[in-house]
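Colleague: Provided herewith is a single structure, encoded as structure tokens, for subsequent inquiry.
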Amino acid sequence: MASAASTKSEDSDKRLLKLTRIYRYPRGGKLQDEVVDGYPNFHYLTSGIDGKRVQLESGINLVRLVDGVDGARRPVILLRSSPWKAGGETTPWHDFFDLDHGHVRYFGDQKAMTMGPVGSTRGNAALAEAALLHMAKDPGTRALAPPLMVFRAVTQEGAVKGYVEFCGAAVIERVEILVQRDPLTGVSFPNYVFDLAVLNTALESETIDWRWIDDRRNPHLSLKETLRYAPEAWREWVKSGESALPRIRRQVAASRVLSKSDQQPHTANETKALTTIYSFFASKKHAFEALAATVTAELLDRQGARYQFGWLTRGSGDGGTDFVGRLDVGFGQAKTSLVVLGQAKCISPDSSVSAEQLARVVARLRRGWIGVYATTGVYSRAAQIEMVEDQYPIILIDGRTLAESVWRLAMDAHGGNLLAYLTAVTADYQKWISVRRPEEILSVAQ
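Be aware that the sequence shown starts at 1, since it is given in full-length UniProt numbering, and climbs by one per residue.
See below:
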């Protein structure tokens, strides 16, 4: 009779991790249980054929180095993000996930109380070392790089612990050092932040075969042999490196029409932020234009755009325009600039923006201009369909996106104090107001 370990290795269907699927991570769970509490058992799927577990107890979880036939290698690094801890004393940072576009921004494990320079913690040191391999120029070095398996904690059955969502296999694109502030003590400290590219595993039906990791843990297999169960995107990345990222990054061709719930806060922090924003601007809605302009700049800058804020318009008679900015594309002589017209609408978070309201902004756009509509509410289905079908060049910032951005900005500038941040943003509101034609932004110096 075959052993449980060998049977498990032969049954590939039960060794697949599926993207966006939720797994039970029971503390001390049994390896042989395929299902625990109605969910696939993380330990059953990821333990090696020798019975050795991999852990998700920390944010950055390392699997022991293997002395392989062609050099020492780390089989895998598992990352776990816990949104319910974000903004607290132990986890003051906020990881960012955009799985539809294959992007995760993951903060290292340095904390305010950490003694020593950035990179001295076990997790940061391992990820920094992995980043050198991930960003290497030659395929042989990249083949040594540990794949990153990304998970995030989710709340299920009323429990915030014990359940994780699989977010895919990833490689490191960029590493930065930034300064963060502990929201409780106000102490600033440096930390690593890693930009990750989530691999496109469409050819594998959006699954990862864990036998790939088993092979990487086997010291008797060469690096070439460990690729037999690796996803095609990983093999292409090993071969071509950074130049392959646009081809192998996960992209979801999702409908651009979002439901109401998708446009509203999903976390307690987002809900708190949106409620505070609406309450703060309830009696001074014109000042909301300043926040909308700031959020627009943050979102565009976050995506790597070069955006220049111009000015706010007067509160009346602006013909559907509340703020003006400029988007610069290219460099030097190979550059062009686009006028950005913004509309800000502070409404009840349960209210919706209609197609007619969007059309007023669109009517102000000239050829080559871009619109931005920022609201504390949501966009009606009719408004979204009209935007898609008529190909309006307009960016929609809904209540959820607004709350996410404001929470990040408040964390960075005021340690998460939302009222202090909103007060600071609107302090110079009157000074930002100008009576100028939108096209004048094109002549404003960079």
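Glycine included, C-beta positions come from ideal geometry on N, C-alpha and C.
#1: Alpha carbon to alpha carbon, how far is L274 from A290? Give it in angstroms, no decimals.
#2: So, for A382: in the same chain, excluding its five sequence neighbours on each side, which residues have a beta-carbon less than 8 Å away from its beta-carbon?
#3: What does the alpha-carbon distance come out to for the pair L338 and P438?
#4: Could you say which of F42, A130, K224 lies nearest to W210 if we only look at CA atoms?
#5: Starting from E369 and walking both ways along the beta strand (DSSP E), at which residues does that stretch end?
#6: Going by DSSP, which residues form a beta bridge with G71?
#7: Can you look up Y106 in the DSSP assignment and give me helix, strand or coil?
#8: Return the first residue and the last residue of the beta strand (DSSP E) that S337 is part of.
#9: Taking the alpha carbon of residue 458 as the reference point, which residue from E242, P183, N417 has its own alpha carbon closest?
#10: Measuring only the C-alpha atoms, how far is E57 from L227?
#11: Check whether the Cβ atoms of V295 and A374 sit closer than 9 Å, and answer yes or no.
#12: Any idea if H220 is buried or exposed, counting beta-carbon neighbours within 10 angstroms, 16 or more meaning buried?
#13: Is the beta carbon of K345 less than 9 Å from the beta carbon of Q357?
#14: Please classify R216 as buried or exposed, where buried requires at least 16 neighbouring CB atoms within 10 angstroms.
#15: According to DSSP, which residues form a beta bridge with V329?
#16: Runs of 4 residues minimum, wholly inside the stretch 168-247: which ones carry the alpha helix (DSSP H) assignment?
#17: Roughly how many angstroms lie between the CA atoms of H266 and E404, to the nearest whole one?
#18: Check M113 in the structure and name its three-state DSSP category.
#19: From R53 to W407, what does the alpha carbon distance come to, in whole angstroms?
#20: Is it true that the CB of W212 sits closer than 9 Å to the CB of P231?
#21: Span of the beta strand (DSSP E) holding D98?
#22: Counting along the chain, where does the alpha helix (DSSP H) carrying R306 start and finish?
#23: At the level of alpha carbons, what is the spacing between A143 and G241?
#24: Are there 16 or more other CB atoms within 10 angstroms of the CB of Q391, so buried, or fewer, so exposed?
#25: Going by DSSP, name the residue or residues bridged to T375.
#26: Between which residues of its own chain and Q308 is the CB-CB distance below 7 Å, once the five residues before and five after are set aside?
#27: In the DSSP output, which residue or residues are listed as bridge partners for Y39?
#28: One question on the structure: do I172 and F151 come within less than 9 Å of each other, judged by their Cβ atoms?
#29: Is it buried or exposed, A427, if we count other Cβ atoms within 10 angstroms and call 16 or more buried?
#30: Rounded C-beta distance between Y278 and T376? I'm assuming under 8 Å.
#31: I believe R302 touches G102 by the beta-carbon criterion, under 8 Å. Please report the beta-carbon distance rounded to the nearest angstrom.
#32: Which same chain residues end up closer than 6 Å to T201 when comparing Cβ atoms and leaving out the 5 residues on each side of it in sequence?
#33: Whose C-alpha, out of R21, T46, I22, T20, is nearest the C-alpha of Q32?
#34: Considering Cα atoms alone, identify which of E386, S380, L341 is closest to R367.
#35: In angstroms, rounded to a whole number, what distance separates the CA positions of I385 and E225?
Modeller: Reading from the atomic positions:
#1: If you number the sequence shown from 1, residue 290 lands on position 290. If you number the sequence shown from 1, residue 274 lands on position 274. A290 and L274: Cα-Cα distance of roughly 16 Å.
#2: As a working note, residue 382 is residue 382 in the sequence shown. Excluding its 5 nearest sequence neighbours in each direction, A382 has C-beta neighbours in its own chain below 8 Å: S354, A355, listed in chain order.
#3: Position 338 of the sequence shown, counted from the start, is the residue given in the question as residue 338. Position 438 of the sequence shown, counted from the start, is the residue given in the question as residue 438. One alpha carbon belongs to L338, the other to P438, and they sit about 11 Å apart.
#4: Within the sequence shown, numbered from 1, the residue matching residue 210 stands at position 210. The option with the nearest alpha carbon to W210 is F42.
#5: On the sequence shown, residue 369 is found 369 positions in, with the first residue counted as 1. Just to set this straight, residue 369 is Trp in the shown sequence, not Glu. Per DSSP, W369 lies in no beta strand (DSSP E) and is assigned neither H nor E.
#6: The residue given as residue 71 occupies position 71 in the sequence shown. Beta-bridge pairing by DSSP links G71 to G68.
#7: On the sequence shown, position 106 is the one that residue 106 refers to. Of the three classes helix, strand and coil, the one that applies to Y106 here is strand, per DSSP.
#8: As a first step, residue 337 must be located in the sequence shown, where it is residue number 337. 334-345 is the span of the beta strand (DSSP E), which, as asked, contains S337.
#9: It is not possible to answer for residue 458, since the shown part of the chain is limited to 1 through 446.
#10: The sequence position of residue 57 within the sequence shown is 57, counting from 1. The sequence position of residue 227 within the sequence shown is 227, counting from 1. Spanning the alpha carbons of E57 and L227 requires a straight line of approximately 28 Å.
#11: For the purposes of this step, residue 295 is taken as residue 295 along the sequence shown, with counting starting at 1. For the purposes of this step, residue 374 is taken as residue 374 along the sequence shown, with counting starting at 1. Yes, they are a contact pair.
#12: To locate residue 220, count along the sequence shown from 1; it is residue 220. Burial state of H220 is exposed, judged by a 10 Å Cβ sphere holding fewer than 16 other Cβ atoms.
#13: Start at 1 with the first residue of the sequence shown, and residue 345 comes out as number 345. Start at 1 with the first residue of the sequence shown, and residue 357 comes out as number 357. The answer is yes: Cβ separation under 9 Å.
#14: Taking the first residue of the sequence shown as 1, we reach residue 216 at position 216. It counts as buried.
#15: Here residue 329 is taken as the residue at index 329 of the sequence shown, counted from 1. Looking at the DSSP assignment, V329 forms a beta bridge with T336.
#16: Correct list: 211-216, 232-240.
#17: Translated into the one-based positions of the sequence shown, residue 266 becomes position 266. Translated into the one-based positions of the sequence shown, residue 404 becomes position 404. About 10 Å.
#18: As a first step, residue 113 must be located in the sequence shown, where it is residue number 113. Of the three classes helix, strand and coil, the one that applies to M113 here is coil, per DSSP.
#19: Start at 1 with the first residue of the sequence shown, and residue 53 comes out as number 53. Start at 1 with the first residue of the sequence shown, and residue 407 comes out as number 407. One C-alpha to the other measures close to 37 Å.
#20: In the sequence shown, the residue the question calls residue 231 occupies position 231. In the sequence shown, the residue the question calls residue 212 occupies position 212. Against a cut-off of 9 Å, the Cβ pair of W212 and P231 comes out as a contact.
#21: Translated into positions along the sequence shown, residue 98 becomes position 98. Taken as a continuous stretch (DSSP letters only), the beta strand (DSSP E) holding D98 covers 96-98.
#22: Within the sequence shown, the letter at position 306 stands for residue 306. Unbroken run through R306 is the beta strand (DSSP E), 306-312; no alpha helix (DSSP H).
#23: For this step, residue 143 is matched to residue 143 along the sequence shown. For this step, residue 241 is matched to residue 241 along the sequence shown. A143 and G241: Cα-Cα distance of roughly 10 Å.
#24: By one-based count along the sequence shown, residue 391 stands at place 391. Exposed: under 16 other Cβ atoms inside 10 Å.
#25: As a first step, residue 375 is located in the sequence shown; it is residue number 375 there, counting from the start. Per DSSP, K345.
#26: Walking along the sequence shown from the start, residue 308 turns up at place 308. Within the same chain, and ignoring the five residues on either side of Q308 in sequence, the residues whose Cβ sits closer than 7 Å to its Cβ are G325, R326, D328, V444, Q446.
#27: Taking the sequence shown and counting its residues from 1, one reaches residue 39 at position 39. The beta-bridge partner set that DSSP reports for Y39 consists of V36.
#28: Within the sequence shown, the letter at position 172 stands for residue 172. Within the sequence shown, the letter at position 151 stands for residue 151. No; because the gap between Cβ atoms is not below 9 Å, this pair is not in contact.
#29: By 1-based counting over the sequence shown, the position of residue 427 is 427. By the 16-neighbour rule on beta-carbons within 10 angstroms, A427 is exposed.
#30: If you number the sequence shown from 1, residue 278 lands on position 278. If you number the sequence shown from 1, residue 376 lands on position 376. That pair is a contact at about 5 Å.
#31: Here residue 302 is taken as the residue at index 302 of the sequence shown, counted from 1. Here residue 102 is taken as the residue at index 102 of the sequence shown, counted from 1. With 8 Å as the limit, R302 and G102 do not qualify as a contact, their Cβ atoms being about 16 Å apart.
#32: To locate residue 201, count along the sequence shown from 1; it is residue 201. For T201, where only same-chain residues beyond five positions count, the Cβ hits under 6 Å are P231.
#33: Along the sequence shown, one-based indexing puts residue 32 at 32. Among R21, T46, I22, T20, the Cα nearest to that of Q32 belongs to T46.
#34: Translated into the one-based positions of the sequence shown, residue 367 becomes position 367. Nearest in C-alpha terms to R367, of all of E386, S380, L341, is L341.
#35: Residue mapping note: residue 385 aligns to position 385 of the sequence shown, counting from 1. Residue mapping note: residue 225 aligns to position 225 of the sequence shown, counting from 1. I385 and E225 have their alpha carbons spaced roughly 49 Å apart.
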